[in-house]
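*Asks:*
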Amino acid sequence: MVLLRFPDRFGLLYDERFHAGILFLNAIGEIVWPVLKQHNKTKSQHHEQDEPKKAPQERHANRLTRPDMAINTGPTEDNVLNDMAKLPSYLPMRVPLLDLSEQYRALGDSIREGTNDVLASGCFILGPKVKAFEKAMCAYCDTPHAIGVSSGTDALLAILMTLGIGHGDAVITTPYTFFATAGCIARVGARPLFADIDPETYNIRPSAIQECIEQNCQRDTDGIWKTRSGERVRAMIPVHLFGLCCEMDTLLEIAERYRLDVIEDAAQAIGAEFPFSKRIARAGTMGKIGLFSFYPSKNLGAAGDAGMVICGDEKLAANLRTFREHGMQPRYFHHVVGGNFRLDEIQAAILAVKLPYLEKWAAARRTAADFYGAEFGRAGLTQRISTPCEPYRNCGLTNHHVYHQYVIRAPMRDALREHLGKREIQTAIYYPLALHEQKCFVYLGYKKGDFPESEHAACETLALPIYPEISREAQRYVVDSIAAFYS
Ligand SMILES: Cc1ncc(COP(=O)(O)O)c(C=O)c1O
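Residue numbers 5 to 491, in our numbering, belong to the letters of the sequence shown in order.
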């Protein structure tokens with residue numbers, strides 16, 4: 005019997021040679037998971053230390069697994085995933101939705117060096133760190149212009165203001181996104197027009213945009229599309245949700261047909277790629293203008309709020325820089341009413357340290373997603389739950405998905421979430437109420453049932469823990485815990 009000490013938990017670990025069980029005590033001494041097994045007198049008793057050292061896999065295999073967490077260690081195909089799949093999961097553990105500690109442990113010295121530079125320089129606003137990070141982002145996204153801003157929300161706001169979108173305008177977007185996308189449309193005085201999502205990708209469905217325009221708008225004599233209440237339909241904001249690009253080829257065709265600007269909300273999808281027939285493009289670079297959020301939990305996260313706008317047009321980029329600083333050019337001469345949308349030097353310094361690791365992290369997230377997929381198969385759960393859709397997987401892309409979130413669709417979602425919570429597995433619901441049903445948007449006149457796919461998704465989806473460093477053991481514990489719920 006081995007006494008284990010976990011961060012806030014003690015465990016007595018079963019070893020078949022001792023015919024005991026597994027007993028875990030949490031920090032306040034409650035017993036969790038008392039699993040006992042019949043003493044088997046036919047087996048000899050040795051102390052583990054007396055045993056010759058065995059391969060980790062063999063040692064793991066001797067330990068007790070909860071009956072509802074039985075594992076299949078049988079070999080299948082000869083690939084990395086299956087090698088990883090041989091590691092058993094049986095220990096109760098705390099699995100956070102996201103854990104940034106490993107990233108900080110690895111990069112802490114460089115991050116501190118970068119922030120110390122800023123503190124020593126005394127230059128905190130729009131200095132060399134912002135410039136350098138903007139340049140690095142241009143290279144990473146393969147785009148001519150990048151403008152560092154104070155958050156993803158402010159990126160949206162600054163873009164809409166720069167494009168002159170406001171009162172008398174309407175902008176089409178998805179009702180199944182983070183609030184900021186539609187919130188900013190409303191904040192500049194324009195009307196959010198919603199179009200439903202594809203039930204598999206959770207991204208806006210191109211044909212729904214077309215239906216939205218054809219059914220709710222009419223074309224005036226100048227060929228401009230207007231809503232019934234007279235607002236001019238100016239733009240669409242597709243959101244590359246959870247790290248998967250929208251169907252940008254079809255969306256761009258629709259945008260051209262209805263003369264709409266395309267603003268790509270790539271807040272969750274930095275680095276994600278889309279397969280055009282003749283080229284591969286990164287999220288944010290396909291429309292007129294795109295934006296990222298560097299909220300700490302994003303794939304590239306700052307130590308606070310930060311964001312970025314990217315675009316191909318020089319004049320638009322220059323205007324954005326003006327709007328970023330109160331519409332000021334030169335100092336204290338204001339041509340337009342902008343805002344304080346500036347990216348801090350300290351955040352830029354941190355982001356510049358992290359950016360070179362983004363591709364590696366995206367690959368690690370994908371490996372983790374693949375492992376979840378394999379584990380759900382092993383656990384026989386693929387008929388019960390829907391794993392994320394990967395429409396571009398076989399299109400020759402590297403980042404066909406960047407798995408900002410790993411979102412499943414699960415029956416009895418709320419009960420499942422509670423069950424996982426009891427096992428200390430953190431999950432999240434993105435998003436529990438579609439935007440057309442939010443109180444603040446009642447004035448738009450939508451009602452329940454208007455966007456059924458978004459409404460279903462809001463009731464059925466669950467985000468599971470995913471981050472580059474998540475252990476296979478933790479993932480297997482998550483899957484086994486889900487299997488236990490449905491068994
Ligand atoms: C799709 C989407 N758009 C916009 C934002 C706003 O970004 P920020 O939190 O940096 O303001 C977020 C943030 O989560 C988001 O997920």
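Yeah, the Cβ is synthetic: ideal placement off N, Cα and C, and Gly gets one too.
1. By Cβ distance below 6 Å, which residues in the same chain neighbour Ala366 in space, the five residues on each side in sequence not counted?
2. To the nearest angstrom, how far is the alpha carbon of Phe327 from that of Val175?
3. Can you give the beta carbon distance from Ile201 to Tyr180, rounded, assuming they're within the 8 Å contact cut?
4. Closer than 8 Å by C-beta to Lys139: which residues in its own chain qualify, once you throw out the five before and the five after it? Chain order, please.
5. Just reading off the alpha helix (DSSP H) that Phe182 is part of, what are its end residues?
6. Contact defined as beta carbons within less than 8 Å: I believe Asp309 pairs with Ser154. What is the distance between those atoms, to the nearest angstrom?
7. How many Å lie between Gly112 and Pro96 at the Cα?
8. In terms of residues, what are the limits of the beta strand (DSSP E) holding Val313?
9. Could you check where the beta strand (DSSP E) with Asp265 kicks off and where it finishes?
10. Can you tell me which residues fall inside 6 Å of ligand 1, judged by beta-carbon distance to its nearest heavy atom, and keep chain order?
11. Looking only at its chain, what residues have a beta carbon closer than 8 Å to the beta carbon of Glu260, apart from the 5 residues adjacent to it on each side?
12. Go to Phe337, then tell me how far its alpha helix (DSSP H) extends in each direction, as first and last residue.
13. Which residues mark the beginning and the end of the alpha helix (DSSP H) in which Ile354 is found?
14. Pull up the distance between the alpha-carbon of Phe455 and that of Cys127, whole angstroms please.
15. Under the three-state reduction of DSSP, which class applies to Gln409: helix, strand or coil?
16. Report the residue ranges of all beta strand (DSSP E) runs contained in full by the segment 219 to 266; include only those spanning at least 3 residues, in chain order.
17. Using the C-alpha atoms, what's the distance from Pro469 back to Leu359?
18. Please report the residue range of the beta strand (DSSP E) in which Gly152 lies.
19. Between which two residues does the beta strand (DSSP E) holding Ile522 run?
20. Which residue from Ala378, Glu394, Tyr144 puts its Cα closest to that of Arg476?
21. Can you tell me whether Ala478 is helix, strand or coil according to DSSP?
22. Quick check on Gly294: does DSSP put it in helix, strand or coil?
23. Assign Met416 to one of two classes, buried (16 or more other C-beta atoms within 10 Å of its C-beta) or exposed (fewer than that).
*Replies:* Reading it off the structure:
1. Gly275, Asn403, Val406
2. 20 Å
3. 5 Å
4. Ala150
5. Unbroken run through Phe182: none, as it is neither H nor E.
6. 6 Å
7. Answer to the nearest angstrom: the Cα atoms are 29 Å apart.
8. 311 to 315
9. 265 to 269
10. Ser155, Gly156, Thr157, Thr181, Phe182, Ala184, Thr185, Val243, Asp269, Ala271, Gln272, Ser297, Tyr299, Asp309, Gly311
11. The beta carbon of Glu260 sits closer than 8 Å to no other beta carbon from its chain once the five residues preceding and following it are set aside.
12. Here Phe337 belongs to no alpha helix (DSSP H), and DSSP marks it neither H nor E.
13. 349 to 358
14. 48 Å
15. Coil at Gln409, not helix or strand.
16. 221 to 223, 229 to 231, 236 to 241
17. Here the C-alpha atom of Leu359 lies approximately 22 Å from the C-alpha atom of Pro469.
18. Start and end: 149 to 153.
19. With the chain covering 5 to 491 only, the question about residue 522 has no answer from this structure.
20. Ala378
21. Ala478 falls in the helix class under three-state DSSP.
22. In this structure, DSSP gives Gly294 an extended state, which the three-state scheme calls strand.
23. exposed
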